[in-house]
């Protein structure tokens, strides 16, 4: 209903339409206050959701321990680090160079790194879980061809591992892990490791040491296409002779006794040359280099890293063949190195989206907002209770004034009641502006005010038609109760 406020004021002043008096300054209406409170709450929730989404989706930098310097592992991680930047993924890598796989494992165990590159045949930290298999390494045992010396009979030829007893064996690389690998092989064939002489050469010095005949046989561990191993084998070729590769026929038995190893084969011609090196497939054992993550690293973070890793691998494997060797981890529950739940979720297709991870928080947030709105509405209603009661009292007073106006014998009294009605009108309009009363209540008040104005106008018309003496007598009678 559209209420003509000017008309109401005109009637309250005896029919002359005055200029509407300025309304007194009042605080912001309750309805507006409630609207702003609800709007603020909505903006707060939206802001909280946006902030949660930002922090959940912002790029995260993970520290990855890898070593030693100039190794193939370092090259792979450096390539991945560079590839992650233009991919605009959520994960960034920060390599931490160490002295080797053992030092990398220790950095992860100490909490100094989030990820690490470790060897599967070394002690794995208790807080490490697999994310991916970086590469598989094979053990290569070979014997250089015997040098031809005039007037000197060649020694017994080494064609089997058991023939290594009492010999000098050169191990390529400074890591103790390769020496332990050799001892595992010798133990399987009953060769006492204390009966052999083991010497180690740095990878970059291996070829020169082999040319200088520093040992009778050599062991190298690395990928099948390792350049270090291929160069070492090429250095063994002399005087037209080719090296003899020693097969580890008991590879399956070694894998059975040492689960960190697997039975494997070296393909014919894996190390190039003419004739091919080796000329036939050679049985051996293998072990893996793993990318592992801290057990406490968030599942969503590891899942995102795993997804990025294999997405980038597809784009890198053409120009960087080492990337093609990256494989998914073993997600079986009985795996030697358990997979991180985040990596397992990616591999098994159970990776959670943003809303899957935070749906409970969003739902509870909306429920909380609804509860806050209900509580706010109740509180606002509670605050308006006294004002509504006061307005109801004023409306009853207006109805009583209608009865009084119809029996009044004094225009002065009628003018006083009109002034009081004006005050009631102002209070009622202020309550309506504050949202204390609804439009229906204002309509009821308008009807009562119309009746009051009609009663005043009618009574004034009657009083104006009576002589002044009768008006004074009537007033005195009501004042004294006697004529």
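In my numbering, the protein residues as written are 45 to 527. Just so it is clear, CB atoms sit at the ideal spot from N, CA and C, and this is done for glycine as well. Predicted model only: the values in this text are computed from it and were never measured.
In chain order, what residues of the same chain lie with their CB nearer than 7 Å to the CB of residue 346, ignoring the 5 residues before and after it?
Taking the chain shown and counting its residues from 1, the one referred to as residue 346 is at position 302. So the qualifying residues of the chain are 175, 337, 384, 386 and 387.
Going by the beta-carbon positions, is the gap between residue 205 and residue 228 smaller than 8 Å?
Numbered from its first residue, the chain shown carries residue 205 at position 161. Numbered from its first residue, the chain shown carries residue 228 at position 184. Not closer than 8 Å, so no.
From the DSSP output, in three-state form, read off residue 244 for me.
For this step, residue 244 is matched to residue 200 along the chain shown. It is a strand residue.
Taking all protein chains shown into account, do 16 or more other C-beta atoms lie within 10 angstroms of the C-beta of residue 140, making it buried, or fewer, making it exposed?
Within the chain shown, residue 140 is the residue found at index 96, counting from 1. Looking at its Cβ environment, which holds 16 or more other Cβ atoms inside 10 Å, residue 140 is buried.
For residue 138 versus residue 128, is the C-beta spacing smaller than 8 Å?
The count along the chain shown starts at 1 and reaches residue 138 at position 94. The count along the chain shown starts at 1 and reaches residue 128 at position 84. No, the Cβ-Cβ distance between residue 138 and residue 128 is not below 8 Å.
In this structure, does DSSP put residue 80 in helix, strand or coil?
As a working note, residue 80 is residue 36 in the chain shown. Here residue 80 sits in helix by DSSP.
Pull up the distance between the alpha-carbon of residue 225 and that of residue 269, whole angstroms please.
Within the chain shown, residue 225 is the residue found at index 181, counting from 1. Within the chain shown, residue 269 is the residue found at index 225, counting from 1. Each residue's Cα considered, the two are about 19 Å apart.
Any idea what DSSP makes of residue 227, helix, strand or coil?
Residue mapping note: residue 227 aligns to position 183 of the chain shown, counting from 1. Here residue 227 sits in helix by DSSP.
State the Cα-Cα distance for the pair residue 209 and residue 354, rounded to the nearest angstrom.
To locate residue 209, count along the chain shown from 1; it is residue 165. To locate residue 354, count along the chain shown from 1; it is residue 310. The alpha-carbon atoms of residue 209 and residue 354 are separated by roughly 45 Å.
Taking the C-alpha atoms as reference points, what is the distance between residue 460 and residue 503?
In the chain shown, residue 460 corresponds to position 416, counting from 1. In the chain shown, residue 503 corresponds to position 459, counting from 1. Roughly 14 Å between the two C-alpha positions.
Along the chain, which unbroken stretches of the alpha helix (DSSP H) at least 4 residues long are found entirely within the stretch 437-480?
455-478
Given residue 289, which residues of its chain have a CB within under 6 Å of its CB, disregarding the five upstream and five downstream residues?
Here residue 289 corresponds to residue number 245 of the chain shown, with the count starting at 1. Counting only Cβ-Cβ distances below 6 Å, and skipping sequence neighbours, we find 186, 322 and 326.
Sort out for me which residues DSSP pairs residue 141 with in a bridge.
One-based indexing of the chain shown puts residue 141 at position 97. 110, per the DSSP bridge assignment.
Quick check on residue 222: buried or exposed, where buried means 16 or more other Cβ atoms within 10 Å of its Cβ?
The residue labelled residue 222 in the question sits at position 178 within the chain shown. Label assigned to residue 222: buried.
Using the three-state DSSP reduction, which class does residue 65 fall into: helix, strand or coil?
Along the chain shown, one-based indexing puts residue 65 at 21. Confidence is the limiting factor: at residue 65 the pLDDT is only 42, short of 50, which leaves the residue's position unreliable, though a coordinate-based value still follows. Here residue 65 sits in coil by DSSP.
May I have the straight-line CA-CA distance separating residue 207 from residue 342, to the nearest angstrom?
For the purposes of this step, residue 207 is taken as residue 163 along the chain shown, with counting starting at 1. For the purposes of this step, residue 342 is taken as residue 298 along the chain shown, with counting starting at 1. Using only the alpha carbons, I get a separation of about 52 Å.
Within 10 angstroms of its Cβ, does residue 301 collect 16 or more other Cβ (buried), or is it exposed?
Along the chain shown, one-based indexing puts residue 301 at 257. That one is exposed.
Where does residue 483 land, buried or exposed, given buried means 16+ other C-beta within 10 angstroms?
In the chain shown, the residue the question calls residue 483 occupies position 439. Exposed, since its Cβ has fewer than 16 Cβ neighbours within 10 Å.
Could you check where the alpha helix (DSSP H) with residue 210 kicks off and where it finishes?
Here the question's residue 210 lines up with position 166 in the chain shown. No alpha helix (DSSP H) holds residue 210; DSSP gives it neither H nor E.
Tell me where the beta strand (DSSP E) around residue 163 begins and ends.
Looking up residue 163 in the chain shown gives position 119. Residues 159-163.
Between residue 366 and residue 119, how many whole angstroms is the CB-CB distance? I'm expecting something under 8 Å.
For the purposes of this step, residue 366 is taken as the residue at position 322 of the chain shown. For the purposes of this step, residue 119 is taken as the residue at position 75 of the chain shown. About 7 Å separates the two Cβ atoms, so the contact holds.
On the criterion of 16 or more Cβ atoms from any shown chain inside 10 Å, does residue 148 qualify as buried, or is it exposed?
In the chain shown, residue 148 corresponds to position 104, counting from 1. Burial call: buried.
On the three-state DSSP scale, how would you describe residue 285?
The residue you call residue 285 lines up with position 241 of the chain shown. If DSSP states are grouped into helix, strand and coil, residue 285 belongs with the strands.
Since residue 443 and residue 492 should fall inside the 8 Å C-beta cutoff, what is the C-beta to C-beta distance between them, to a whole number of angstroms?
Position 399 of the chain shown holds residue 443. Position 448 of the chain shown holds residue 492. That belief holds up - the Cβ atoms of residue 443 and residue 492 are roughly 6 Å apart, short of 8 Å.
Of all the options 232, 295, 152 and 291, which has the alpha carbon lying nearest to the alpha carbon of residue 202?
As a position in the chain shown, residue 202 is number 158, starting the count at 1. Looking at the Cα atoms, 291 is the closest of the given residues.
In three-state DSSP terms, what is residue 184?
On the chain shown, residue 184 is found 140 positions in, with the first residue counted as 1. Of the three classes helix, strand and coil, the one that applies to residue 184 here is strand, per DSSP.
DSSP three-state call for residue 418: helix, strand or coil?
The sequence position of residue 418 within the chain shown is 374, counting from 1. Residue 418 falls in the helix class under three-state DSSP.
Terminal residues of the continuous beta strand (DSSP E) containing residue 263?
Indexing the chain shown from 1 puts residue 263 at position 219. Per DSSP, residue 263 belongs to the beta strand (DSSP E) from 261-266.
Is residue 493 helix, strand or coil when you go by DSSP?
Position 449 of the chain shown, counted from the first residue, corresponds to residue 493. The answer is helix: DSSP assigns residue 493 an H, G or I state.
Could you tell me how far apart the beta carbons of residue 160 and residue 108 are, in whole angstroms, since I believe they sit closer than 8 Å?
Numbered from its first residue, the chain shown carries residue 160 at position 116. Numbered from its first residue, the chain shown carries residue 108 at position 64. The pair is a contact, with the Cβ atoms about 7 Å apart (cut-off 8 Å).
Count Cβ pairs between the stretch 292-299 and the stretch 266-280 that sit closer than 8 Å; are there 3 or more?
no
Please report the distance separating the alpha-carbon of residue 329 from that of residue 183.
The residue given as residue 329 occupies position 285 in the chain shown. The residue given as residue 183 occupies position 139 in the chain shown. Cα to Cα, residue 329 sits roughly 6 Å from residue 183.
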